[in-house]
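J.: Below is the structure I would like to discuss, written out as structure tokens.
Residue numbers (my numbering): 24 to 302.
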């Protein structure tokens with residue numbers, strides 16, 4: 024076999040014009056098909072039906088929702104239960120009993136508590152609830168429960184040598200069944216006239232819980248609310264001086280009115296409230 028014959032078998036030859044035209048047509052058709060397919064794909068992306076339920080905000084949010092959530096349970100903080108006797112003493116009773124204002128027996132003073140201890144736990148608790156002499160009902164802590172008052176009495180009495188029994192907390196009540204969810208949007212709460220702005224300390228509330236014990240009855244020459252004559256010389260000293268006296272204490276008045284748990288801003292709010300009544 025000749026060399027030319029081998030070359031003919033190894034190479035593809037197009038002997039007719041028809042074959043050449045067919046090859047050129049196929050070569051030109053391939054990129055056209057690719058362009059058409061790409062164009063159609065892009066057109067389909069742009070023509071997405073935005074009204075489709077699958078694209079609704081709720082459906083999208085559901086698909087994007089994390090698999091799990093971390094929840095912090097604050098229910099315990101919301102239902103701490105009755106306060107301890109020590110907490111109540113520090114926040115309410117110490118205003119008078121820490122310094123012996125108006126004859127109040129001092130905390131830990133055995134001689135001052137001896138005669139009272141003989142009266143017994145039940146009698147002392149009843150006296151503290153109803154009030155006696157210069158001591159207002161519940162020591163001025165109107166929001167305290169009978170159980171909390173008894174705990175405070177036991178705490179003070181035992182500090183002076185008493186052996187009173189600390190009352191046990193009542194058994195927790197069963198939580199009521201959850202009410203069915205309502206779709207109605209609650210109406211906005213009405214803000215009472217004169218109520219403090221959100222985030223601002225309520226001077227009146229602080230006064231009633233900490234300051235009213237002495238100022239309400241004028242104990243140890245404490246100026247009464249609204250007594251302009253008694254407050255006049257104090258107003259002359261200026262608000263800053265009044266703030267300092269209330270925060271650090273002055274005369275028979277202990278620091279922060281005896282409630283050291285109060286923030287400085289709370290004490291100042293109570294001072295502002297009293298000054299507002301005296302102007």
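No residue lacks a Cβ here, since even glycine has one placed at the ideal position from N, Cα and C.
Select from 280, 239, 248 the residue whose C-alpha is nearest the C-alpha of residue 113.
T.: In the chain shown, residue 113 corresponds to position 90, counting from 1. Checking every option, the nearest Cα to that of residue 113 belongs to 280.
J.: If residue 124 and residue 269 are in contact, beta carbons under 8 Å, what's the gap, nearest whole angstrom?
T.: The residue you call residue 124 lines up with position 101 of the chain shown. The residue you call residue 269 lines up with position 246 of the chain shown. Here residue 124 is actually not in contact with residue 269; their C-beta atoms are around 16 Å apart, not less than 8 Å.
J.: Just to confirm the assignment, what range does the alpha helix (DSSP H) spanning residue 248 have?
T.: Here residue 248 refers to the residue found at position 225 of the chain shown. For residue 248, there is no enclosing alpha helix (DSSP H), since its DSSP letter is neither H nor E.
J.: Residues bridged to residue 276 by DSSP?
T.: One-based indexing of the chain shown puts residue 276 at position 253. In the DSSP output, where bridge partners are listed per residue, residue 276 has 273.
J.: Which residues in the same chain as residue 295 place their Cβ atom closer than 7 Å to its Cβ, once the five residues preceding and following it in sequence are excluded?
T.: Stepping through the chain shown from its first residue, residue 295 is reached at position 272. Correct list, in chain order: 226.
J.: By DSSP, does residue 167 sit in helix, in strand, or in coil?
T.: For the purposes of this step, residue 167 is identified with residue 144 of the chain shown, where counting begins at 1. In the structure shown, residue 167 sits in coil (DSSP, three-state: anything other than H, G, I, E or B).
J.: Between the Cα of residue 165 and those of 228, 51, 137, 284, spot the shortest distance and give me the residue it belongs to.
T.: In the chain shown, the residue the question calls residue 165 occupies position 142. Each of 228, 51, 137, 284 was checked against the Cα of residue 165, and the nearest Cα belongs to 228.
J.: Would the stretch 241–257 and the stretch 169–178 be scored as touching if the rule is three or more Cβ pairs under 8 Å?
T.: no
J.: So, for residue 286: in the same chain, excluding its five sequence neighbours on each side, which residues have a beta-carbon less than 8 Å away from its beta-carbon?
T.: For the purposes of this step, residue 286 is identified with residue 263 of the chain shown, where counting begins at 1. The residues are 224.
J.: How would you label residue 47, buried or exposed, when you count the other beta carbons within 10 angstroms and need 16 or more for buried?
T.: Counted from its first residue, the chain shown places residue 47 at position 24. Exposed.
J.: Do residue 192 and residue 105 have their CB atoms nearer than 8 Å?
T.: Within the chain shown, numbered from 1, the residue matching residue 192 stands at position 169. Within the chain shown, numbered from 1, the residue matching residue 105 stands at position 82. Result yes, Cβ atoms of residue 192 and residue 105 sit closer than 8 Å.
J.: In angstroms with no decimal places, state the Cα-to-Cα distance between residue 185 and residue 266.
T.: Residue numbering aside, residue 185 sits at position 162 when the chain shown is read from its first letter. Residue numbering aside, residue 266 sits at position 243 when the chain shown is read from its first letter. Using only the alpha carbons, I get a separation of about 38 Å.
J.: Going by DSSP, what residues sit across from residue 179 in a beta bridge?
T.: Your numbering for residue 179 matches position 156 in the chain shown. In DSSP, residue 179 forms no bridge with anything.
J.: With DSSP as the reference, please indicate the residues paired to residue 262 in a beta bridge.
T.: Within the chain shown, numbered from 1, the residue matching residue 262 stands at position 239. Residue 262 is not bridged to any residue.
J.: If I follow the unbroken alpha helix (DSSP H) through residue 109, where does it start and stop?
T.: What you label residue 109 is simply residue 86 of the chain shown in a count that begins at 1. Taken as a continuous stretch (DSSP letters only), the alpha helix (DSSP H) holding residue 109 covers 108–111.
J.: Determine the closest residue to residue 163 out of 146, 235, 301, with distance taken between C-alpha atoms.
T.: Along the chain shown, read from residue 1 onward, the residue named residue 163 stands at position 140. The candidate whose alpha carbon is nearest that of residue 163 is 235.
J.: Can you tell me whether residue 130 is buried or exposed, with buried defined as 16 or more other CB within 10 angstroms of its CB?
T.: For this step, residue 130 is matched to residue 107 along the chain shown. In this structure residue 130 is buried. Its beta-carbon is surrounded by 16 or more other beta-carbon atoms within 10 angstroms.
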